Amino acid sequence: MAHIPERRSLGRRLKPYFAVFDGPLALILFLLLCTGLVTLSSAGHDFPGRLEGQMRNILVAFVIMWVAANVPPQTLLRLAVPVYTVGVALLIAVAVAGTVKKGARRWLHVGVDIQPSEIMKIAMPLMLAWYFQFKQGVVRWHSFIVAAVLLVIPVGLIARQPDLGTSLLVLAPGFYVIFLAGLSWKALIGLAAAAGASLPVVWSMMHDYQRERVMTLIDPTSDPLGKGFHIIQSTIAIGSGGVTGKGYMKGTQAYLEFIPERTTDFIFSVYSEEFGLVGNLVLLFLYLLLIGRGLMIAANAPNLFTRLLAGSITMSFFTYAFVNMGMVSGILPVVGVPLPFMSYGGTALFTLGLASGILMSIQRHRKLVQT
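So the mapping is simple: this note's numbering equals the position in the sequence shown, first residue as 1, plus 5.
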């Protein structure tokens, strides 16, 4: 009797393709993206095509995340040095022959304009995690000096463009790797003291517009219709939301167009005005779940490279959220950092999708090793 092959359901046929995703992490990202789309539909009511554009960005980010989740950590380890080297080379090319837009030299024209600094958001933690894995756990004081040099080179090149926001988002994951690799608290205190002592030098090296941002942070009312306008209107929106908010699509600050960049950097102001303190607590809870899940993946990672990489990526999510909420609330200078998985934009979302995929790859291959 001939064997009749069993017909598998569509779900069974598709299951292997989606098995690469970590369930809890994917659910948290889904909830954040949905929250972002709901807020964007209100914030971008007078920006035709903005919501549809973000949906396309999410689709591309999903594909990037899926591809990254299928890349084994061993492959990431081999790619670390080449990706970092190419990234630094492109940053040098930008400094020499980059395209200038709005007074900043951040782009390189290679048929299309690309922003090499975005590569370093992932290349930096990859490189430093590779370096400490290469040291095989034998870390001495000079190891941290080498790691610091590897970190300072791209951060300095990006800050010189100038791009303070991106340089911060490259500095943070690199610092997290160094800290998680065993940097002592004594060294941290020493670095903090050195940073404090160098503030006059840093201030003298800052561009005029960067100094103005700091002064605006201290007293936004000194120029309420100019430099302080962003912060004043943002804090009014956040405060006017009260406990429960004004309601979906009922935020007057957003609809009367007082909130600047309300679909990108200042989308948290729109969300706060419409959903209030309760909504903010829900959003903070989602970010805490995201960070908690990432740290759990890092704690269970099979080797030093994956632990450092997962921990650094997870804390980078924290940096994105903390800096964005801080700047729109008036407690940090405005540096152009988007709210992760909420703000409109393709480049940042693609980078976040890549980072999320790497976390899923680390979790998936840990399970494969155990089985």
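Cβ atoms here follow ideal geometry from the backbone N, Cα and C, with glycine treated the same way. Everything numeric in this text was worked out from a predicted model, so none of it was measured.
task = Can you tell me the Cβ-Cβ gap for Leu-314 and Ala-134, rounded? I've got them flagged as a contact below 8 Å.
result = The pair is a contact, with the Cβ atoms about 4 Å apart (cut-off 8 Å).
ask   = Between which two residues does the beta strand (DSSP E) containing His-5 stretch?
value = The requested residue 5 is not part of the displayed model; the chain covers only 6 to 376.
Contact under 8 Å by Cβ, Arg-111 with Ser-122 = Yes, the Cβ-Cβ distance between Arg-111 and Ser-122 is below 8 Å.
Assigned exposure category for Ala-73 - 16 Cβ within 10 Å defines buried = Ala-73 should be labelled buried.
inquiry  = Between the region 232-248 and the region 328-344, can you find at least three pairs of beta-carbon atoms closer than 8 Å?
reply    = Because the criterion of three Cβ pairs below 8 Å is met, the region 328-344 and the region 232-248 touch.
ask   = When every heavy atom of the ligand ADP is checked, does at least one fall within less than 7 Å of the C-beta of Ile-264?
value = In the structure shown, the ligand ADP is absent, as is every other ligand, since no ligand is present at all.
query = Taking Cβ to Cβ, would you say Val-91 is nearer than 8 Å to Pro-159?
reply = No, these two residues do not count as a Cβ contact at 8 Å.
inquiry  = Rounded to whole angstroms, what is the Cα-Cα separation between Gln-368 and Ala-24?
reply    = Roughly 11 Å separates the two Cα atoms.
task = May I have the straight-line CA-CA distance separating Val-283 from Val-248, to the nearest angstrom?
result = In this structure, the straight-line span from the alpha carbon of Val-283 to that of Val-248 is close to 6 Å.
ask   = Counting only beta-carbon atoms, is Tyr-325 nearer than 8 Å to chain D?
value = Although the question refers to chain D, the structure presented lacks it and comprises just one protein chain.
request  = Report the residue from Glu-217, Ile-124, Gly-195 whose alpha carbon sits nearest the alpha carbon of Thr-171.
outcome  = Comparing Cα positions, the closest option is Ile-124.
key: Inter-residue Cα distance where the pair is Gly-351 and Val-219   = The alpha-carbon separation between Gly-351 and Val-219 amounts to approximately 28 Å.
ask   = Distance, Cα to Cα, Gly-103 vs His-114?
value = When the Cα atoms are used, Gly-103 and His-114 turn out to be separated by approximately 7 Å.
query = If you drop the 5 nearest sequence neighbours on each side, which residues of the same chain put their C-beta closer than 6 Å to that of Leu-37?
reply = Within the same chain, Leu-37 has close Cβ partners Leu-291, Phe-346.
inquiry  = Rounding to the nearest angstrom, what Cα-Cα distance links Gly-250 and Gly-49 in this structure?
reply    = Taking the straight line from one Cα to the other gives about 18 Å.
key: Member of Ile-69, Pro-78, Gly-41 whose CA lies at the smallest distance from the CA of Leu-56   = Comparing Cα positions, the closest option is Gly-41.
Where Lys-106 falls: helix, strand or coil (DSSP) = Strand.
ask   = Do the CB positions of Leu-32 and Ile-272 come within less than 8 Å of each other?
value = At the C-beta level, Leu-32 and Ile-272 stay beyond 8 Å of one another.
key: Ile-97 in three-state terms, based on DSSP   = Reduced to three states, the DSSP call for Ile-97 is helix.
ask   = How would you write the range of the alpha helix (DSSP H) that Lys-140 sits in, first residue to last?
value = No alpha helix (DSSP H) contains Lys-140, which DSSP labels as neither H nor E.
query = Do you know how far the Cα of Arg-216 is from the Cα of Ile-264?
reply = Whole-angstrom Cα-Cα distance: 22 Å.
task = Reducing DSSP to helix, strand and coil, say where Asp-118 ends up.
result = The DSSP-derived three-state label of Asp-118 is strand.
task = At 4 residues or longer, and completely inside the region 223-264: list those alpha helix (DSSP H) runs for me, N to C.
result = You should have 234-245, 257-260.
ask   = What is the rounded straight-line gap between the Cα of Leu-64 and the Cα of Met-70?
value = So the alpha carbons of these two residues sit roughly 10 Å apart.
message = Going by DSSP in three states, Phe-323 sits in which element: helix, strand or coil?
response = The answer is helix: DSSP assigns Phe-323 an H, G or I state.
ask   = DSSP state of Gly-49, grouped into three classes?
value = Three-state DSSP puts Gly-49 in coil, outside helix and strand.
request  = Determine the direct distance from the alpha carbon of Leu-309 to that of Phe-323, and round the result to whole angstroms.
outcome  = Counting only the Cα atoms, Leu-309 lies some 21 Å from Phe-323.
inquiry  = Quick check on Thr-80: buried or exposed, where buried means 16 or more other Cβ atoms within 10 Å of its Cβ?
reply    = Exposure of Thr-80 is indicated by the presence of fewer than 16 other C-beta atoms within 10 angstroms of its C-beta.
Ser-209 burial status per 10 Å Cβ neighbour count (16 or more: buried) = Ser-209 comes out exposed.
inquiry  = Assuming contact is defined by CB atoms lying nearer than 8 Å, are Leu-354 and Leu-30 in contact in what I supplied?
reply    = No; because the gap between Cβ atoms is not below 8 Å, this pair is not in contact.
task = With Ala-202 as the anchor, note down where its alpha helix (DSSP H) starts and where it stops.
result = Following the DSSP letters along the chain, one finds Ala-202 inside the alpha helix (DSSP H) bounded by residues 190-202.
Through-space distance from Val-43 to Ser-348, alpha-carbon basis = Between the C-alpha atoms of Ser-348 and Val-43 there is a straight-line separation of about 11 Å.
inquiry  = Excluding the 5 residues flanking Thr-269 on each side, which residues of the same chain have their C-beta closer than 8 Å to its C-beta?
reply    = Same-chain partners within the cutoff: Pro-343, Ser-348, Tyr-349, Gly-350.
task = Assign Leu-344 to one of three DSSP states: helix, strand, or coil.
result = Here Leu-344 sits in coil by DSSP.
inquiry  = Please list the terminal residues of the continuous alpha helix (DSSP H) segment that includes Gly-281.
reply    = For Gly-281, the enclosing alpha helix (DSSP H) stretches over residues 272-304.
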